[in-house]
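Undergrad: First, the structure itself, so that you have it in front of you.
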Amino acid sequence: MAEDAVLPPVYNTGKIVFGGLFAKSGELQDGVGASCAAPAASSGVAIFDFDRTLIHSGSLLPILEALVGRRALAWSCVVAAAAAAVSRRRAAVFRAVLLRRTTAGRTVEDLESAAERAFPRLRWRMEMLRAYARHRRDGRVIVVASGGLACCVRRLLELKGVEVDEVLGTDLDVVGGVLSGRIDGLACTGQEKARRVRDWLGGFSGEAWGYGNLPADGPMLALVRHPTRVGGLRRRRSRR
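Right, here's the structure in full:
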């Protein structure tokens with residue numbers, strides 16, 4: 288199917304780790320590997336959400352189903368929904384309880400393997416893959432900022448052959464090599480996602496493109512000069 292077309296595979300999985308986008312020299316700091324040459328500052332940055340942007344739906348539930356099985360996931364969702372129903376922070380509580388029940392005692396490798404098994408079920412947005420390819424061809428820095436599990440998003444991108452310079456996502460707490468079931472910090476959603484993107488960009492003031500869905504990615508899209516709402520692809524007017 289066209290939706291499942293695969294881009295040419297790449298094998299660079301390096302991760303850039305730094306507080307700002309550009310070093311004092313005007314180039315990206317080291318950490319990506321030779322196959323991903325650092326673009327000039329004038330090339331700009333393209334930031335993509337993952338769930339419901341690069342792919343049509345969410346990635347968390349298919350991954351957790353692959354991890355624990357359909358029946359265990361369904362029961363965990365019931366328990367998480369009951370806990371969330373009595374909270375003012377329903378989405379956050381649901382996510383926290385669900386992750387605790389499904390990931391505690393597992394390893395990052397377990398999650399990556401689950402992502403591999405879930406991969407065939409995901410439907411990718413071809414228009415977003417074309418946008419990615421255009422930005423890559425033009426030499427821009429590519430960032431994926433997702434509320435999904437960072438380790439899983441990285442693996443799914445690798446499997447699809449989508450090479451990126453950084454993944455900002457939700458990290459899970461690891462104790463002694465084993466997942467505790469708790470989120471490390473905050474989930475990379477809403478205002479927290481916008482904060483991480485802002486921190487990652489540092490003092491960069493050049494051209495930036497953003498792709499995401501509303502309302503979840505509104506704060507992130509507000510940071511860039513060229514925001515695109517995905518889901519019908521109604522483009523907001525670029526800010527000059």
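Per this note's numbering: the sequence shown = residues 288 to 527.
Even glycine gets a Cβ: it sits at the ideal position worked out from N, Cα and C.
1) Compute the Euclidean distance between the alpha carbons of arginine 421 and valine 366, then round it to the nearest angstrom.
2) Candidates Leu473, Gln478, Leu510, Thr390: which alpha carbon is nearest glycine 489's?
3) Under a Cβ-count criterion, where at least 16 other Cβ atoms within 10 Å of its own Cβ denotes burial, should glutamate 414 be classed as buried or exposed?
4) Here's the rule I'm using: 16 or more other beta-carbon atoms within 10 Å means buried, otherwise exposed. How should leucine 501 be labelled?
5) For the structure I just gave you, are there three or more beta carbon pairs, one from the region 446 to 465 and one from the region 365 to 379, closer than 8 Å?
6) Does arginine 442 pass the burial test, meaning 16 or more other C-beta atoms within 10 Å, or should it be called exposed?
7) Less than 8 Å between the CB atoms is what I'm expecting for aspartate 458 and leucine 466, so what's the real figure, rounded?
8) Serine 346 by DSSP, collapsed to three states: which one?
9) Quick one: complete alpha helix (DSSP H) runs, 4+ long, within the region 369 to 439?
10) Skipping 5 residues on each side, what residues in its chain have a beta carbon closer than 8 Å to that of alanine 359?
11) Are the region 375 to 386 and the region 402 to 412 in contact at 8 Å, needing three or more beta carbon pairs?
12) Looking at the structure shown, is leucine 315 part of a helix, part of a strand, or coil, going by DSSP?
13) Could you pull the start and end residues of the alpha helix (DSSP H) that alanine 495 belongs to?
14) Measure the CB-CB distance between proline 435 and phenylalanine 337 and report whether it falls below 7 Å.
15) Tell me the residue span of the alpha helix (DSSP H) that contains arginine 485.
16) How many Å lie between glycine 472 and leucine 347 at the Cα?
17) Run through DSSP, which three-state label would proline 506 get?
18) In angstroms with no decimal places, state the Cα-to-Cα distance between proline 514 and glutamate 453.
19) Please go through the same chain and pick out, in chain order, the residues whose beta-carbon is closer than 6 Å to the beta-carbon of glycine 456, but skip the five residues on each side of it.
20) Would you list the one or two residues that DSSP bridges to glutamate 445?
21) Where does leucine 459 fall in DSSP's three states?
TA: For this structure:
1) Residue mapping note: residue 421 aligns to position 134 of the sequence shown, counting from 1. Residue mapping note: residue 366 aligns to position 79 of the sequence shown, counting from 1. Cα to Cα, arginine 421 sits roughly 44 Å from valine 366.
2) Indexing the sequence shown from 1 puts residue 489 at position 202. With distances taken between Cα atoms, glycine 489 lies closest to Leu510.
3) If you number the sequence shown from 1, residue 414 lands on position 127. Per the 10 Å Cβ criterion, exposed.
4) By one-based count along the sequence shown, residue 501 stands at place 214. It is exposed - the Cβ of leucine 501 has fewer than 16 other Cβ atoms within 10 Å.
5) no
6) Residue 442 sits at position 155 when you count from the first residue of the sequence shown. Label assigned to arginine 442: buried.
7) Position 171 of the sequence shown, counted from the first residue, corresponds to residue 458. Position 179 of the sequence shown, counted from the first residue, corresponds to residue 466. Between aspartate 458 and leucine 466, the beta carbon gap of about 10 Å keeps them out of contact (Cβ cut-off 8 Å).
8) To locate residue 346, count along the sequence shown from 1; it is residue 59. Coil at serine 346, not helix or strand.
9) Entirely contained in the region 369 to 439, the alpha helix (DSSP H) runs reaching 4 residues are, in chain order, 377 to 390, 395 to 405, 413 to 424.
10) Locating residue 359 in the sequence shown gives position 72, counting from the first residue. For alanine 359, where only same-chain residues beyond five positions count, the Cβ hits under 8 Å are Thr389.
11) no
12) Residue mapping note: residue 315 aligns to position 28 of the sequence shown, counting from 1. Reliability of the predicted coordinates at leucine 315 is poor, the pLDDT of 31 falling under 50, and no value is obtained from them.
13) Numbered from 1 along the sequence shown, position 208 holds the residue referred to as residue 495. It is not in any alpha helix (DSSP H) - alanine 495 instead sits in the beta strand (DSSP E) that spans 495 to 499.
14) Locating residue 435 in the sequence shown gives position 148, counting from the first residue. Locating residue 337 in the sequence shown gives position 50, counting from the first residue. According to the sequence shown, residue 435 is glycine rather than proline. Yes. Within cutoff.
15) Within the sequence shown, numbered from 1, the residue matching residue 485 stands at position 198. Looking at the DSSP string, the run of the alpha helix (DSSP H) that includes arginine 485 is 477 to 488.
16) Along the sequence shown, read from residue 1 onward, the residue named residue 472 stands at position 185. Along the sequence shown, read from residue 1 onward, the residue named residue 347 stands at position 60. Taking the straight line from one Cα to the other gives about 18 Å.
17) Locating residue 506 in the sequence shown gives position 219, where the first residue counts as 1. DSSP places proline 506 in helix when its eight states are reduced to three.
18) Here the question's residue 514 lines up with position 227 in the sequence shown. Here the question's residue 453 lines up with position 166 in the sequence shown. If I take the Cα positions, the gap works out to 19 Å.
19) Numbered from 1 along the sequence shown, position 169 holds the residue referred to as residue 456. Taking glycine 456 as the centre and dropping the five residues before and after it, the same chain places the C-beta of Ser433, Gly435, Ala437, Val440, Cys475 closer than 6 Å to its C-beta, in chain order.
20) The residue you call residue 445 lines up with position 158 of the sequence shown. Per DSSP, none; premise fails for glutamate 445.
21) Locating residue 459 in the sequence shown gives position 172, where the first residue counts as 1. Three-state result, leucine 459: strand.
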